[in-house]
């Protein structure tokens with residue numbers, strides 16, 4: 020759905036899987052912090068985890084530039100996670116740990132609940148229930164996009180506390196009238 024909704028078509032589109040888009044610090048009230056550093060990712064320090072990152076956190080819009088995408092995410096979001104996030108390497112390793120050990124693989128969560136990406140209409144409540152059952156009953160955030168008259172699920176956010184050890188309800192739902200607000204039935 021991300022590839023179909025983007026003005027620039029994806030190069031070598033991925034399988035129908037949810038992948039990581041980022042790890043973003045947020046504020047309960049007010050805007051999220053952004054662009055806390057201009058220091059780029061030290062690509063030498065992430066070499067030994069790069070293969071894992073390419074699987075769980077690919078640049079779906081350009082499969083030839085994963086590091087460029089990660090650099091953008093680090094500078095815009097990850098660098099604002101201090102003191103919890105120590106540096107770029109810790110940021111990326113934290114994402115891997117959250118994805119693997121804290122069971123934040125959304126595609127796997129949905130698959131275990133027998134919800135597969137078949138491109139059919141389904142109640143958003145079924146998807147939400149499956150995710151809540153995997154994240155201690157906390158509320159995720161859904162982002163949808165209309166593609167040629169069909170509303171598709173393009174993003175699911177899972178939220179955690181400051182220590183990155185406990186899930187919490189996601190703040191800032193999309194307001195009524197937002198182009199990203201999901202209806203009660205979506206295509207997935």
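In this note's numbering, the protein residues as written are 20 to 207. The beta-carbon is built from N, C-alpha and C at its ideal position, and this holds for glycine as well. These numbers were taken from a predicted model, which means no experiment stands behind them.
Query, Result
"Near residue 195, which residues of its chain fall below 6 Å by C-beta distance, leaving aside the five closest residues on each side in sequence?", "none"
"Report, in whole angstroms, the separation of the C-beta atoms of residue 128 and residue 163, which I expect to be a contact under 8 Å.", "Not confirmed; about 18 Å, so no contact."
"Do the region 125-145 and the region 44-51 touch if we need at least three Cβ pairs shorter than 8 Å?", "no"
"Return the first residue and the last residue of the beta strand (DSSP E) that residue 172 is part of.", "169-176"
"In terms of residues, what are the limits of the beta strand (DSSP E) holding residue 141?", "140-142"
"Can you give the Cα-Cα distance for residue 96 and residue 57, rounded to whole angstroms?", "11 Å"
"Do you know offhand how far residue 157's Cα is from residue 168's?", "31 Å"
"Check whether the Cβ atoms of residue 75 and residue 38 sit closer than 8 Å, and answer yes or no.", "yes"
"In chain order, which continuous runs of the alpha helix (DSSP H) of length 4 or greater are located wholly inside the region 52-118?", "69-75 and 85-95"
"Roughly how many angstroms lie between the CA atoms of residue 103 and residue 184, to the nearest whole one?", "11 Å"
"List the whole-angstrom C-beta distance separating residue 61 from residue 94, where the pair is believed to meet the contact cut-off of C-beta under 8 Å.", "With 8 Å as the limit, residue 61 and residue 94 do not qualify as a contact, their Cβ atoms being about 12 Å apart."
"Can residue 83 and residue 143 be called in contact, C-beta distance under 8 Å?", "no"
"Give the single residue among 77, 150 and 171 whose Cα lies nearest to the Cα of residue 122.", "150"
"Drop a sphere of 10 angstroms on the beta-carbon of residue 92, count the other beta-carbons inside from all chains shown, and report buried for 16 or more, exposed for fewer.", "buried"
"Taking a contact to mean a Cβ-Cβ separation below 8 Å, would you say residue 146 touches residue 199 in this structure?", "no"
"Classify residue 170 as buried or exposed, calling it buried when 16 or more other Cβ atoms lie within 10 Å of its own Cβ.", "buried"
"For residue 172, which residues of its own chain have a beta-carbon under 6 Å away from its beta-carbon, when the five flanking residues on both sides are left out?", "163, 205 and 207"
"Please classify residue 187: does DSSP put it in a helix, a strand, or coil?", "strand"
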